[in-house]
Structures are given as structure tokens and as C-alpha cells.
Amino acid sequence: MGAARAAYGAATVAAVAVSAVALTATAAAAHAAAAPGAVTPAAASAPPAAATPPAGAEARTPHARARLLAAADALVPGRPATLLVALDLAPGWHTYWRNPGDSGAATSLDWRLPPGYAASAIAWPHPERLPLPPLANYGYKARALHLVELGVPADARPGTHAELATRARWLVCSDVCIPEEADLALRLPVRAQSAPVEAHAPLFAAALAALPRPAPGAVLAQAAGSEARLEFDAAWNPVLDGARDVLFFPYADGALDHAAPQPLAKHDGRWQLSARLGYLASAQGLPAVAVDGRLGGVLVATRDGARVAYELQAAVANP
Amino acid sequence: MHSTPFRPPFAALVCAVLLAAAGPALATPRIGAQAPDFTAVDSNGKSHRLADFRGRTVVLEWTNADCPYVKKHYAGNMQALQRLAKENGVMWLSVISSAPRKQGHVAPARANELTKSRNAEPAAVLLDEQGAVGRAYEAKTTPHMYVIDPQGVLRYMGGIDSLATAEVADVEKAQPFLREAMLAVAKDQPVANAVTRPYGCSVKY
Chain A
0 MGAARAAYGA ATVAAVAVSA VALTATAAAA HAAAAPGAVT PAAASAPPAA
50 ATPPAGAEAR TPHARARLLA AADALVPGRP ATLLVALDLA PGWHTYWRNP
100 GDSGAATSLD WRLPPGYAAS AIAWPHPERL PLPPLANYGY KARALHLVEL
150 GVPADARPGT HAELATRARW LVCSDVCIPE EADLALRLPV RAQSAPVEAH
200 APLFAAALAA LPRPAPGAVL AQAAGSEARL EFDAAWNPVL DGARDVLFFP
250 YADGALDHAA PQPLAKHDGR WQLSARLGYL ASAQGLPAVA VDGRLGGVLV
300 ATRDGARVAY ELQAAVANP
Chain B
0 MHSTPFRPPF AALVCAVLLA AAGPALATPR IGAQAPDFTA VDSNGKSHRL
50 ADFRGRTVVL EWTNADCPYV KKHYAGNMQA LQRLAKENGV MWLSVISSAP
100 RKQGHVAPAR ANELTKSRNA EPAAVLLDEQ GAVGRAYEAK TTPHMYVIDP
150 QGVLRYMGGI DSLATAEVAD VEKAQPFLRE AMLAVAKDQP VANAVTRPYG
200 CSVKY
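Protein sequence lines, in the order shown, are assigned to chains A and B. Sequential numbering of the first sequence, starting at 0, is according to numbering that gives the first Met the number 0. Sequential numbering of the second sequence, starting at 0, is according to numbering that gives the first Met the number 0.
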């Protein structure tokens, strides 16, 4: 197997009979495959007791069951495929979101794919806040789902097979932390058409439903003393009126204090959320944590008894 | 709360008063501002105040010997940094803010054993089981590193280096932020990267 080409255009989710939310919002960046050559079962620096299990679609580590799943039963030339790396965690243990919060480390996937195939960055379901007073982390208890969009080359030949392999690495913690990893591989046929795998549909549905939706309106981020204020325009009112337990999870490390409360209040008919600045924004200002002048992240709220998430890119006001 | 034979009972009250009276020292630690003062007892029962070290560069290293990220750096890197500190007249203080019964919490004798068995060379190991020093510095991870200059001003806070992994092989690939900051301050030079991302296990308050 050679290294996959890096270029990969954004595409919508393949035919899975569930929510129509596109993966593209957070998974647009192409992700090049890992270097060619055999993947050794155990990383050189891993302690002997925690060797990587042999590659397969499922692997068990001391604190997790890891699975690599495809939404459909075959790869179709030129059509992106949706994959899922699912971690079922031992009770009382958790793994981390792309911004893990005050400590911890985000789960990572290193892909080894055939020529012409490329895996997107992980599309992350919205996290929970996991308090460890006075600190807090962002992540997942019980189960962590990592969606990935796989680009399938237009010249893939029906009748052949493709081996899709990934080394998943994660930090799993209860009150102590253990780094774990697993090599997962899936061999799928290339066909002119594919069908959804019914047995996987509920898991894919759960993952897709927990992805952030596009923002309904614009947001402005302003620093005021030791706090940041997110100002939502009126288009957010249908979402925020009557919402409970609203929490903003920034993508950037050091932007906001991960543990602090985030009071939400309405001013002149529009909602504002306040949050204490994190260590980096506190030291160097909000522009230092902004990307292209924006503070990105996910706003999560409880509406009608369910947690729903929106991705936003707040414009950072000039100081 | 663990009590040592050298510490009169009223010292705890004195510490609380000192911290309370410190006022602004309880605000977010800031680069370029006075580092939060503290009083803490080390693994030999000796009490130290930050103010005692005026005139010397000080490194604070939050630690927990059982954390995989601490183990990564104690495979030689941390010890080398501690020796480098010594060679440069820098006062290196390891700080354990783990609460009793939490990972990393050790009795004084055990702390000294760990120093010896790992060939570590901190000037002192501060036992902060109440978490007062940790909270004053808003220490989040083990390791979490700070450099304070001879005038008591905070000059660096954050990660030990640039690669936030638990893999020993990454030490030599990473940019050694703490090493650079410590040497810069010891040589009275500007610190290029004064604030970086701290990474590791959470401090077990």
C-alpha cells in the first residue's frame, strides 16, 4: 500500500437513512494517510503490558472496546463512504474531545489507506463537560464515536477490495489516566452500488444526531476585563429562548476557562453568554486564540429534553 | 491532613492568613507580574516561602509520579533539566498538589525515595496536599511548569515542551519550552514563548 493522496474535496454524507446533517461542517480538512509500510503491533514506547491488539475491525484494550465500522456494505467508486471508530468504555472511564479541556488528550486516528483514498479529519459529536473541581475536561463517558468521511477514488474497480486501516490512540481516564491504542482494519468490496448495513444504522444515527448543526445566526466575541462575552444575533432566539444548560465548548486551547460557569442573559432582546478567559486569552488577548479572526466552537443546549449542538465561529472584536 | 513533627499546629492558621492577606496573589497568575507568593512544607519538613528565593531564578514543576506524562519525562528528560537548573544556579521546586488518597499523593519519606530512585535533583519537593499552591498558580496538569525570575516576576507558564503526548520518543522531537525559558531567565534574556499549553494528567486536587 502506498501513501494516499492528500487532496480531498468536501462532500455530503453518503446514503445512510438517518439525519441529513452533513459531516462537512467540522470535517472539511483532508487528512493524509500514514506512511507506507507495515504497522507494528506495539508502539516502541508503549509499556509491555499494554501492547496494541492485532488488527481487525474490533479490538479490546484494558478499558475499551474499539470498533471500525462502515455505514454501507461496499465502497462505490467516486462516492464518499462514512466510517465510524467507536470506543465503548469501561464504566467510570472517559475519553476526550478535540479540545480535551484542562488536561487529557484528544483521540487521534492515523490512517493507512490504498492509493487514491483519503480520510477526513474526525467529525466530533458534541462533548460533555466533565468537572474535576477546580478543573474541567471535555469528552465522552461510556461511549465515544468518531465519524470519518472516506474519499473513494473514481477509478476504484468494482470487483476488487480495499483494506482500510487505522491506528486509534486515546487517553482513557477515571481518576487516573491510561494511554491506549488499537490497530483496526476493515476490508470492503468495491461495487457499483452499496446498501446500508442495518446492524450499524443505530450507531451511525446516534453519532450523526450528536454532530453540531450549522449556526442559525452570527455571533460576536468581545473581551471585557477577565471575561469573554459572546453576543448572539436575533436569529439565535428560536434556539436560545427556552433552552436550558447552555454551554459553549471552544475549539482553541486556552481561550476560555473550561471549568467556570457561563451565565446566559438576554439584553435588548438578544442573548449574551459570558465566560472567564482561559490562560492564553488572559495573557495575550482573544485575538491570540482566534483563527482567521474567529473564535470557533460548539454551543450545546437542552431543548425539549434533548441535547442539541450548533457549531459557531464568533467574530472576534478588535481590542 | 498529614502533620509533620517539625510543624507547629498554628502554622496552618498562619499560612491561611498569609494567603488571605496576599490579596492580588490569588488572582490569575500573569506573565510580567509578581508570581503568587506561597508557603509550603517540603519532604524534609522544612518550610519555604517563594520570597525566600528572591535573587534566584525559580522553576516550579507540578508532578505526580504515577501519571504517564510524568513518567515520559522522568525517563531522563526531567532529571537532565533539574541538573541543568543546578548548573545555572536555578532553584528547582517539584510540587505535589495531590490530595490525600489521590494518585500522586505521597508521604514525605516516599517522596524522598522517589527522588532517589529516579535520580531526580529538585532542590526541594513541596507537599501541597491541601492544594493551596496549586490553586494559587492555577496548576492544571502534571507536568505544569512555571519560571519565576530573581525579582519574583512570573516569566513562563505552561508545558514542559511542545508535543503533548505520553510517548518518550517525542521528547527529542519537541521544542523544549521549559528549558528555553529557564535558560533565558537565568541569563536575564527575554523569553520567546512565555505562555504555552500545559499538558498531562489533571492535578488531583
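The beta carbon of each residue, even a glycine, is placed where N, CA and C say it ideally should be.
Asked: Rounded C-beta distance between A:G150 and A:Y116? I'm assuming under 8 Å.; Found: 6 Å
Asked: Taking contact to mean 3 or more Cβ pairs, one atom from each stretch, closer than 8 Å, check whether the stretch 171-179 of chain B and the stretch 85-92 of chain B are in contact.; Found: no
Asked: Got a sec: is the Cβ-Cβ distance from A:V175 to anything in chain B below 8 Å?; Found: yes
Asked: How would you label B:P23, buried or exposed, when you count the other beta carbons within 10 angstroms and need 16 or more for buried?; Found: Caution is warranted here: a pLDDT of 41 is assigned to B:P23, below 50, making its placement in the model unreliable, and no coordinate value can be reported.
Asked: Would the beta-carbon of B:D65 be found less than 7 Å away from any heavy atom of the ligand NAD?; Found: This structure lacks the ligand NAD; in fact it carries no ligand of any kind.
Asked: Excluding the 5 residues flanking A:Y278 on each side, which residues of the same chain have their C-beta closer than 7 Å to its C-beta?; Found: G253
Asked: In the DSSP assignment, find the beta strand (DSSP E) that holds A:G268 and state where it starts and stops.; Found: Element bounds for A:G268: n/a, residue is neither H nor E.
Asked: Tell me whether the beta-carbon of B:R154 lies closer than 8 Å to the beta-carbon of B:I30.; Found: yes
Asked: So does the stretch 141-156 of chain B actually touch the stretch 107-116 of chain B, counting three or more Cβ pairs closer than 8 Å?; Found: no
Asked: Since B:W61 sits in a beta bridge, which residues does DSSP pair it with?; Found: B:V94, B:H143
Asked: So, using beta-carbon positions, are A:A73 and A:V189 closer together than 8 Å?; Found: yes
Asked: For A:A29 and A:I121, I'd like the C-alpha separation in whole angstroms.; Found: Reliability of the predicted coordinates at A:A29 is poor, the pLDDT of 39 falling under 50, and the value obtained from them is presented with this limitation in mind. Approximately 10 Å, taken between the alpha carbons.
Asked: Within the 8 Å Cβ cut-off, does A:L255 reach chain B?; Found: no
Asked: Is it buried or exposed for A:S173, if we count other Cβ within 10 angstroms and need 16 for buried?; Found: exposed
Asked: Report back the beta-carbon spacing between A:A250 and A:G295 to the nearest angstrom; my notes put them in contact at under 8 Å.; Found: Reading off the sequence shown, one finds Tyr at residue 250 of chain A, where the question assumed Ala. Going by Cβ atoms, the distance from A:Y250 to A:G295 rounds to 5 Å, so yes, they are a contact pair.
Asked: Would you tell me roughly how many angstroms separate the C-alpha atoms of A:L138 and A:H257, rounded to the nearest one?; Found: This sequence places Gly at residue 138 of chain A; Leu is not what is there. For A:G138 and A:H257, the distance between alpha carbons rounds to 12 Å.
Asked: Taking the runs of the alpha helix (DSSP H) that are 4 residues or longer, which of them lie wholly in the stretch 165-245 of chain A?; Found: 200-208, 236-239
Asked: So B:V132 packs on B:D41, CB below 8 Å; how close in whole Å?; Found: 12 Å between Cβ atoms; not a contact.
Asked: In whole angstroms, what is the alpha-carbon distance linking B:T164 and A:L219?; Found: 34 Å
Asked: Mind checking if A:A314 is an interface residue toward chain B, Cβ cutoff 8 Å exclusive?; Found: no
Asked: Is B:Y136 near B:L83, with beta carbons less than 8 Å apart?; Found: no
Asked: For B:Q33, does the three-state DSSP call read helix, strand or coil?; Found: strand
Asked: By the 10 Å Cβ neighbour count, where 16 or more other Cβ atoms means buried, how is A:H62 classified, buried or exposed?; Found: buried
Asked: Contact criterion: CB-CB distance below 8 Å. Does A:D319 meet it with respect to chain B?; Found: Lying before the first or after the last residue shown, residue 319 of chain A is absent from chain A, which here runs from 0 to 318.
Asked: State the DSSP-derived secondary structure class of A:V299, mapped to helix, strand or coil.; Found: strand
Asked: On the DSSP bridge assignment, give the partners of A:K140 in chain order.; Found: A:H93
Asked: Can you list the beta strand (DSSP E) stretches of 3 or more residues lying completely in the stretch 66-113 of chain A, in chain order?; Found: 80-88, 93-100, 107-111
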